[in-house]
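Taking the numbering used here, the leading residue of the sequence shown gets 127, the next gets one more, and so forth.
Working notes for the structure below.
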Amino acid sequence: MSLSLLLASAVAFVVLLAHVFSGGRECVDAMYASSFDSYPRETVYACWHIVSLHLALGVIVLLLAGLLPSSAVAWTLARAVGVLYVLYALVFLQVARSSGLPGGLRALPQWAVLLPLGLYVCWATL
């Protein structure tokens, strides 16, 4: 058993819950309350669900890798999840930097969770 990956799985689960419950209220509800055109609105809504599924898959992969430390496949998948979290954080950093949103990095704080979590998972799977 890998306590490092089990801890990462628990943190990833909290991230998933924040995305589903807070993100749903903050982003999805606001988008539907606006006069957003229906085609881009539904596309963004589908993307929100895809991200939800990916975050859930990350929790499952990290949990399995934590419970099955001798599984090279599980550890490889866990490392891939860590790399994806780092890449997602870099996207948020770039969007926050280039968007001109007031508050910059504080306006899109997802990077502040995804970057350390991704780096931690990458370290834990070395």
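For each residue, glycine too, the CB sits at the ideal point set by N, CA and C.
Would you mind stating whether A204 and L181 have Cβ atoms separated by less than 7 Å?
Against the sequence shown, residue 204 aligns to sequence position 78. Against the sequence shown, residue 181 aligns to sequence position 55. Not closer than 7 Å, so no.
Segment limits, alpha helix (DSSP H) that includes H180
As a working mapping, residue 180 is identified with position 54 in the sequence shown. From DSSP, the alpha helix (DSSP H) with H180 extends over S164 to L193.
How many whole angstroms separate the CB atoms of A200 and A191, which I take to be in contact at a CB cut-off of 8 Å?
Position 74 of the sequence shown, counted from the first residue, corresponds to residue 200. Position 65 of the sequence shown, counted from the first residue, corresponds to residue 191. Contact annotation, A200 with A191: C-beta distance approximately 4 Å; criterion of less than 8 Å satisfied.
So, for L132: in the same chain, excluding its five sequence neighbours on each side, which residues have a beta-carbon less than 6 Å away from its beta-carbon?
The residue given as residue 132 occupies position 6 in the sequence shown. If we look at L132 and ignore the five residues flanking it on each side, its Cβ neighbours are G192.
Distance CB(V185)-CB(S135) smaller than 7 Å:
Looking up residue 185 in the sequence shown gives position 59. Looking up residue 135 in the sequence shown gives position 9. Contact: yes.
Do you know how far the Cα of H145 is from the Cα of S161?
Counting from 1 along the sequence shown, the entry for residue 161 is found at position 35. Counting from 1 along the sequence shown, the entry for residue 145 is found at position 19. For S161 and H145, the distance between alpha carbons rounds to 23 Å.
Going by C-alpha to C-alpha distance, which of P228, L241 and V137 sits closest to L219?
Here residue 219 is taken as the residue at index 93 of the sequence shown, counted from 1. Closest option to L219, Cα to Cα, is L241.
How big is the Cα-Cα spacing for A156 and S148?
As a working note, residue 156 is residue 30 in the sequence shown. As a working note, residue 148 is residue 22 in the sequence shown. For A156 and S148, the distance between alpha carbons rounds to 12 Å.
Return the first residue and the last residue of the alpha helix (DSSP H) that S160 is part of.
Reading the sequence shown from its first residue, position 34 is the one you call residue 160. For S160, there is no enclosing alpha helix (DSSP H), as DSSP marks it with neither H nor E.
Mark W249 as exposed unless 16 or more other C-beta atoms lie within 10 angstroms of its C-beta, in which case mark it buried.
Locating residue 249 in the sequence shown gives position 123, where the first residue counts as 1. With fewer than 16 other Cβ atoms within 10 Å, it is exposed.
Looking at the structure shown, is Q236 part of a helix, part of a strand, or coil, going by DSSP?
In the sequence shown, the residue the question calls residue 236 occupies position 110. DSSP places Q236 in coil when its eight states are reduced to three.
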